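To start, the structure under review is shown below, and the notes come after it.
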Amino acid sequence: MEQNKQQEIKTHKIGIYLWIWGLLFVFSGFSYMVDYLDFQGLLRWTLIITFMLCKAGLIMAIFMHLFWERPPLVNVLLWPMCAIFCFVGIMVAEAKYTAFTRLFYFILGS
Amino acid sequence: MAEQYDTSKLPSGIIRGLVHDLSSDQRAFKGVPWGKAMMWIFLLSDTFIFSIFLLSYMTIRGSTTEPWPNPSKVFALEAFGTPVPLLLIAIMTFVLITSSGTMAIAVKFGYEKNRKLCALFLLLTALGGLTFVGMQAFEWSKLIFHEGVRPWSNPFGAPQFGAIFFMITGFHGTHVSIGVIFLFIMTYKTWKGHFDTGKRGYFTSMKSDYEAIEIMGLYWHFVDLVWVFIFAFFYLW
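First to last, the sequence lines map onto chains A and B. With my numbering applied, the first sequence closes on residue 110, and no number is skipped along the way. With my numbering applied, the second sequence closes on residue 1237, and no number is skipped along the way.
Now the structure itself:
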């Protein structure tokens, strides 16, 4: 892959893509090892979420070129994600409440 | 067109840049081709759809009183006589990441108007996607025909497992399949030099440029991005 032709404004050296590709492999390997080594509890989901966010960040920033886009586009894309995090919070509460009422009535009878 | 905007002269920064770009009369998102902006907005809406799938999965898994099947055991594959957890899923992950890497390189060669290398890497990307879909078909048939997993019941635990599994991986697989079809079309168009000669597209009857490769790339990376979340939340959790 030595065809680094004329570097225009928008193009980057092929090396950066190969680096990110390698990093994604490493992070995927790590998150697979979490399962393979059978980590459980807090350690398990902290590691899973950390590796997941690293991979997602690398793909969006470098592969999808968000790192080089103008801030307005990046902001318009990323802020709506906050709504999803709020939704996660709401649904966690909802799921816990449903599980509680199910257990409560299944055990006590209606 | 996008070329006439020298984005380095526009105000940057989050607030000033945002206000300047969005309050202009003619077009928002300076320096971004309209096709790319539209693809980003589509991907944002697709993000919401996949988020809602994963959220309903979280809610259902959190509220069921039955034990949830252990994905590490359900998706284990026999290799050299011993069951290896999530073996096929791990290979699928690596294949999809590899195809994402080749796509990024294809986009790079597209920018440089390097027709042959761009087409070659697009073809590699398409073949990677095809391999992924093939392995997913194998996984589905194994679960349906050998293990008897149905959307309403399964032998491992909570009956909702099947419904969630088929819905989420099915929707993602559909995205991959559509992507593979378009990757083959793009490979053909690139190889034939349609982006150099400005030949009009068969469906769109519009001239297109190597920009189309970048827009295709955004979609393909998004499919990989969604798989990152599915892998973490559905298979590893």
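Just so you know, even glycine gets a beta-carbon here, dropped at the ideal spot from N, CA and C. Bear in mind the structure is a predicted one, so any value in this text is a computation, not a measurement.
Three-way DSSP call (helix, strand, coil) for residue i in this model
i: Leu1010 of chain B; result: coil
i: Arg1200 of chain B; result: strand
i: Lys1207 of chain B; result: strand
i: Arg1016 of chain B; result: helix
i: Lys1192 of chain B; result: coil
i: Asp35 of chain A; result: helix
i: Phe1222 of chain B; result: helix
i: Trp1068 of chain B; result: coil
i: Ser1023 of chain B; result: coil
i: Thr11 of chain A; result: coil
i: Ala1090 of chain B; result: helix
i: Gly1173 of chain B; result: helix
i: Ala1028 of chain B; result: coil
i: Trp1237 of chain B; result: coil
Residue i versus residue j - alpha carbon distance
i: Thr101 of chain A; j: Ser1063 of chain B; result: 9 Å
i: Glu1139 of chain B; j: Val1228 of chain B; result: 18 Å
i: Leu1238 of chain B; j: Met1092 of chain B; result: In this structure chain B extends from 1001 to 1237, so residue 1238 of chain B is not present and cannot be described.
i: Gly1217 of chain B; j: Leu108 of chain A; result: 56 Å
i: Phe106 of chain A; j: Lys96 of chain A; result: 15 Å
i: Glu2 of chain A; j: Ile14 of chain A; result: In this prediction, Glu2 of chain A has a pLDDT of 39, which is less than 50 and means its spatial position is unreliable; what the coordinates show is noted afterwards. Glu2 of chain A and Ile14 of chain A: Cα-Cα distance of roughly 9 Å.
i: Phe957 of chain B; j: Met1186 of chain B; result: As displayed, chain B neither begins before 1001 nor continues past 1237, which places residue 957 of chain B out of reach and without an answer.
i: Tyr17 of chain A; j: Glu1214 of chain B; result: 14 Å
i: Glu94 of chain A; j: Cys82 of chain A; result: 19 Å
i: Ala1119 of chain B; j: Ile1178 of chain B; result: 18 Å
i: Phe1042 of chain B; j: Pro1071 of chain B; result: 31 Å
i: Phe1109 of chain B; j: Arg1115 of chain B; result: 7 Å
i: Leu1087 of chain B; j: Thr1098 of chain B; result: 17 Å
i: Tyr1235 of chain B; j: Thr98 of chain A; result: 24 Å
i: Ile20 of chain A; j: Ala56 of chain A; result: 11 Å
i: Asp1021 of chain B; j: Val34 of chain A; result: 44 Å
i: Ile1014 of chain B; j: Glu1211 of chain B; result: 26 Å
i: His1175 of chain B; j: Val1226 of chain B; result: 10 Å
Element boundaries [beta strand (DSSP E), containing residue i]
i: Val1084 of chain B; result: 1082-1084
Where the alpha helix (DSSP H) containing residue i begins and where it ends
i: Leu1043 of chain B; result: 1034-1063
i: Ala83 of chain A; result: 81-108
i: Ala1232 of chain B; result: Taken as a continuous stretch (DSSP letters only), Ala1232 of chain B belongs to no alpha helix (DSSP H), as it is neither H nor E.
i: Leu1077 of chain B; result: Segment 1077-1079 is the beta strand (DSSP E) holding Leu1077 of chain B; no alpha helix (DSSP H) there.
i: Gly41 of chain A; result: 41-58
i: Asn111 of chain A; result: Outside the shown range of chain A (1 to 110) lies residue 111 of chain A, about which nothing can therefore be said.
i: Ile62 of chain A; result: Neither: Ile62 of chain A is in no alpha helix (DSSP H) and is coded neither H nor E.
i: Lys1073 of chain B; result: 1071-1074
Under 7 Å from the C-beta of residue i: neighbouring residues of chain A
i: Leu1130 of chain B; result: Those do not exist, as Leu1130 of chain B stays about 19 Å from chain A at its closest Cβ, beyond 7 Å.
i: Gly1013 of chain B; result: Pro71
Contacts that residue i makes with chain B (C-beta to C-beta distance below 9 Å)
i: Thr46 of chain A; result: Residues of chain B passing the Cβ test: none, with the nearest at roughly 12 Å.
i: Trp21 of chain A; result: Ile1097, Thr1098, Ser1100, Gly1101, Thr1102, Ala1104, Ile1105
Chain-ordered chain B contacts of residue i [CB-CB under 7 Å]
i: Tyr36 of chain A; result: Pro1085
Partners in chain A for residue i, counting only beta-carbon separations shorter than 8 Å
i: Met1058 of chain B; result: Val88, Met91, Val92, Ala95
i: Leu1018 of chain B; result: Pro71, Pro72, Asn75, Val76
Amino acids of chain B, ordered along the chain, whose beta-carbon sits closer than 8 Å to that of residue i
i: Phe67 of chain A; result: Chain B residues near Phe67 of chain A: none, gap ~13 Å exceeds 8 Å.
i: Leu24 of chain A; result: Ile1097, Ser1100, Gly1101
Contact with chain D by residue i, beta-carbon distance below 9 Å
i: Phe1048 of chain B; result: This model lacks chain D altogether, as its protein chains are A and B.
Cross-chain neighbours of residue i in chain A, by beta carbon under 9 Å
i: Ser1023 of chain B; result: By Cβ distance, chain A contributes nothing, its closest Cβ being about 10 Å from Ser1023 of chain B, past 9 Å.
Could you name each continuous beta strand (DSSP E) segment of 3 residues or more that falls completely within the stretch 1102-1159 of chain B, going from the start of the chain to the end? none
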